[in-house]
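Reviewing the structure listed below.
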Amino acid sequence: MISALRQRVGAGHAAALAAAVLALAAAPFVLLPYPLALLTLALVYGLFAFGLDVAWGRAGVVSIGHAAFFGLGAYGSAIAAAHDVPMVLGGTAGVAAAVVVAVLVGLAGLGRRAMPATMAVLTLAMTLVMSQGARSWTSLTNGTNGLVVFTGDGVVGTYYRTAAIVLGTVVLVWLVVLRGRLGRRFLAIRADQQRAEHLGIDPRRVKTTALAVSGAVSAVAGAIAAPVMGLVSPSAAGIVLSTEVLVWLAVGGLGTISGAFLGAGLVTLGEQTLGDVLGSWYLLLMGVLFLVVVRFAPEGLAGLARTLLRRPVREKAAGGAVLAGPAGPARALPPVDGAAPAVSAQDVEKDFGPVPVIKGIDLRVGSGEVICLIGPNGAGKSTFLGVLAGEHLPERGRVQLAGHDVTGWAPHERARLGLGRLFQVPSVFLDLTPAQNLAIARAEAVQPPVALPLYDRFLEADAAPARELSLADRRALELAMVLSWGPRILLLDEPAAGLSHEDSIALARTLRDVAERTGCTLVAVEHDMEIVRELADRVVVLADGRILVEGSMEEVSAHDEVRRAYLGVA
Ligand SMILES: Nc1ncnc2c1ncn2[C@@H]1O[C@H](COP(=O)(O)OP(=O)(O)OP(=O)(O)O)[C@@H](O)[C@H]1O
1031 MISALRQRVG AGHAAALAAA VLALAAAPFV LLPYPLALLT LALVYGLFAF
1081 GLDVAWGRAG VVSIGHAAFF GLGAYGSAIA AAHDVPMVLG GTAGVAAAVV
1131 VAVLVGLAGL GRRAMPATMA VLTLAMTLVM SQGARSWTSL TNGTNGLVVF
1181 TGDGVVGTYY RTAAIVLGTV VLVWLVVLRG RLGRRFLAIR ADQQRAEHLG
1231 IDPRRVKTTA LAVSGAVSAV AGAIAAPVMG LVSPSAAGIV LSTEVLVWLA
1281 VGGLGTISGA FLGAGLVTLG EQTLGDVLGS WYLLLMGVLF LVVVRFAPEG
1331 LAGLARTLLR RPVREKAAGG AVLAGPAGPA RALPPVDGAA PAVSAQDVEK
1381 DFGPVPVIKG IDLRVGSGEV ICLIGPNGAG KSTFLGVLAG EHLPERGRVQ
1431 LAGHDVTGWA PHERARLGLG RLFQVPSVFL DLTPAQNLAI ARAEAVQPPV
1481 ALPLYDRFLE ADAAPARELS LADRRALELA MVLSWGPRIL LLDEPAAGLS
1531 HEDSIALART LRDVAERTGC TLVAVEHDME IVRELADRVV VLADGRILVE
1581 GSMEEVSAHD EVRRAYLGVA
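Okay, so the sequence shown: first residue is 1031 according to this note's numbering, each after it adds one.
Here it is as structure tokens:
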């Protein structure tokens, strides 16, 4: 059983978990009722903060009204108790309601066109509506007076045991989730949303799932907190508690399990022990502590402890999660219309505000063909690549990939057709190690990887994060990730930018080799004519948002305007 646990959650986590279980099991025997009640409160608040961390720390979704979820759980238990219904039923209903609210908020606030401020406004509205609803619906909630949850004598131990068991179960399940596909996707989205999208991960879905899990965990905390608090009033769902939990988490440290409990525990126990002595000065002390931590230890107390203990980057980079090995293709590629071109753009136009940038491009790229887009700066090459990849939606015209009309599709939907993307500035998960970068790409693979021994060195590279690699190595890692993901079509924006001449030529040969071995279609924006000569079956010259001429290198080189403007020939 112990070895199965080590396998599922990792050796480090299993040891920490075992120590925590022992400490929690010993507490009722060594603590008097009052400190035990305080510890229970600290644990449920810790669970509440841990719930927020699932959204904020793991998936980058900041909820500034998270007490709404806590309140739903707390009122679920309290209303059930007031009607002589088992509290577990009321609490479960509160958790279900929290999941529904989280999914609705996520769908509305995390859409492709939603602004970053939308989530802030929605989650703020959530807590205001919840607390006002609790104030106004007096027949159910007893208004501002709140609902007293009767706690009989000698039940402290019972509530403590319930809190400890629920908390242990939630943490254990979370550790298993972290090492699975969902955990990897949380990590990818938080590390670099753009790269994650181009590996086929749907950010809206992952973030909404994170918010739903987060809301559920916080509501569970509320449900078990109700009898511990003894009174559930509108403040249990209000803006003050919502703000406090943000502070607990920021102080404890985002993206770690210990951070949430550390932050909530410190502040709760401090409030109970120092609050009476210091009165309102205690709040000032908390404010100062918050500023000091944010200024000098932005990763919170848990991050500070990790730095002092000099924990290896592998765990730090993964936010505590050690990634499981390659999982094989995540999803099968949809069928292809064999007769259709791999890439087809029909009369595509793209404006930025009032400025037309792409002014009507028609282009067909056959399956397995390698084309290079060349042209002067500002011709619209990168923008056109962005239109093909789904980063820009065209004003007019249609885009087809592998026979599918993808004109309005998001980047992750196009990626699921096998569209791989390499950027002018290499896009890799900078805070993760190269091995973790590859593990994520392989886990999301759409086809078996392209075998390239050249990149095997990254498979074991987990001593330092990718941000410490040289530019050439980052580029190599980006290519290794995308090729191990198994693309059917590859869009590359100046893949050789910043590389030495030798590295550029080697890269061009590698790409050529990949195209010939796998039948992958390549569309590359490139300025270096030597690379274009090495790589391209066909060259397309763009100028002022239109195709000026296309053909073999010899054909376009012979074109007068191309010779004059782009090849420097008089
Ligand atoms: N997001 C944007 N918002 C507004 N204008 C943009 C945006 N992206 C590009 N442009 C403008 O569109 C025009 C075409 O830019 P684009 O990067 O596509 O050209 P390019 O041919 O790739 O040039 P280069 O070779 O220098 O990369 C430029 O005038 C650029 O300033």
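C-beta: ideal position from N, C-alpha, C; glycine also.
With a CB to CB cut of under 6 Å and the five nearest residues on each side skipped, what residues in its chain are close to residue i?
| i | result |
| --- | --- |
| G1230 | H1442, A1445, R1446 and E1474 |
| G1575 | V1387, I1388, K1389 and G1410 |
| R1394 | P1371 and S1374 |
| G1095 | T1153, L1154, M1156, T1157 and S1272 |
Tell me which residue opens and which closes the alpha helix (DSSP H) that residue i is part of.
| i | result |
| --- | --- |
| A1491 | It is not in any alpha helix (DSSP H) - A1491 carries neither H nor E in the DSSP assignment. |
| V1417 | K1411 to A1419 |
| I1519 | Taken as a continuous stretch (DSSP letters only), I1519 belongs to no alpha helix (DSSP H), being part of the beta strand (DSSP E) at I1519 to D1523. |
| L1229 | Per DSSP, L1229 belongs to no alpha helix (DSSP H) and is neither H nor E. |
| R1505 | L1501 to W1515 |
| V1480 | Per DSSP, V1480 belongs to no alpha helix (DSSP H) and is neither H nor E. |
| R1209 | Per DSSP, R1209 belongs to no alpha helix (DSSP H) and is neither H nor E. |
| D1114 | That residue, D1114, is in no alpha helix (DSSP H); it is neither H nor E in DSSP. |
| S1166 | P1146 to S1166 |
| V1544 | H1531 to T1548 |
| V1185 | Segment: none, V1185 is in no alpha helix (DSSP H) and carries neither H nor E. |
| E1564 | M1559 to L1565 |
Can you tell me the Cα-Cα spacing of residue i and residue j, whole angstroms?
| i | j | result |
| --- | --- | --- |
| V1586 | R1594 | 11 Å |
| W1439 | V1131 | 27 Å |
| A1419 | R1518 | 13 Å |
| G1581 | D1567 | 8 Å |
| V1281 | L1468 | 32 Å |
| E1072 | F1080 | Correcting the residue identity first, residue 1072 is Ala in this sequence and not Glu. So the alpha carbons of these two residues sit roughly 12 Å apart. |
| H1589 | R1542 | 25 Å |
| L1452 | V1512 | 8 Å |
| A1256 | A1097 | 13 Å |
| W1278 | S1244 | 16 Å |
| H1422 | W1167 | 47 Å |
| L1522 | S1248 | 43 Å |
| R1209 | S1500 | 29 Å |
| I1404 | P1525 | 13 Å |
| M1083 | I1401 | Just to set this straight, residue 1083 is Asp in the shown sequence, not Met. Each residue's alpha carbon lies about 46 Å from the other. |
| A1050 | I1561 | 58 Å |
| A1111 | M1117 | 6 Å |
| A1044 | Q1223 | 30 Å |
| G1101 | A1155 | 14 Å |
| D1306 | T1153 | 33 Å |
| G1396 | D1533 | 28 Å |
| G1448 | H1228 | 10 Å |
| V1417 | T1551 | 17 Å |
| S1457 | R1504 | 8 Å |
| T1238 | L1140 | 7 Å |
| S1310 | A1267 | 22 Å |
| G1260 | V1318 | 30 Å |
| I1407 | E1564 | According to the sequence shown, residue 1407 is Asn rather than Ile. Those two C-alpha atoms are separated by around 22 Å. |
| A1545 | L1520 | 9 Å |
| R1165 | V1258 | 21 Å |
| M1316 | V1275 | 13 Å |
What residues are listed by DSSP as bridge partners for residue i?
| i | result |
| --- | --- |
| I1388 | K1380 |
| I1254 | Note: I1254 sits in no beta bridge, so no partner. |
| L1261 | V1178 |
| R1608 | In the structure as shown, the chain begins at 1031 and stops at 1600. Residue 1608 is therefore absent and cannot be evaluated. |
| V1571 | I1404 and V1579 |
Taking the beta strand (DSSP E) that residue i belongs to, which residues open and close that run?
| i | result |
| --- | --- |
| I1401 | V1400 to I1404 |
| G1427 | R1426 to L1431 |
| E1580 | R1576 to G1581 |
| T1551 | T1551 to V1555 |
| L1140 | Per DSSP, L1140 belongs to no beta strand (DSSP E) and is neither H nor E. |
By Cβ distance below 7 Å, which residues in the same chain neighbour residue i in space, the five residues on each side in sequence not counted?
| i | result |
| --- | --- |
| A1347 | With a pLDDT of only 40 at A1347, under the threshold of 50, the placement of this residue in the model should not be trusted, and no figure is reported. |
| G1295 | A1072 and G1076 |
| L1170 | I1109 |
| V1425 | Correcting the residue type first, residue 1425 is Glu in the shown sequence and not Val. Cβ neighbours of E1425 beyond the five flanking positions: E1379, K1380 and D1381. |
| G1333 | G1283 and A1327 |
| D1435 | R1428 |
Leaving aside the five residues before and after residue i along the sequence, list all residues of the same chain whose C-beta is less than 8 Å from its C-beta, in chain order.
| i | result |
| --- | --- |
| A1242 | V1129, A1132, V1133 and G1136 |
| L1061 | L1069 |
| V1592 | V1571, L1578, V1579 and V1586 |
| G1355 | Model confidence at G1355 stands at a pLDDT of 44, short of 50, so the residue's coordinates are unreliable; what they give is reported in the following sentence. Within the same chain, G1355 has close Cβ partners A1469. |
| V1159 | A1098 |
Those runs of the alpha helix (DSSP H) which lie wholly inside the stretch 1259-1336 and span at least 4 residues: 1269-1282, 1287-1308 and 1311-1326
Every unbroken alpha helix (DSSP H) within the stretch 1077-1104, with a cutoff of 4 residues, ordered by chain: none
Residue ranges of each alpha helix (DSSP H) within the stretch 1428-1466, 4 or longer: 1441-1445
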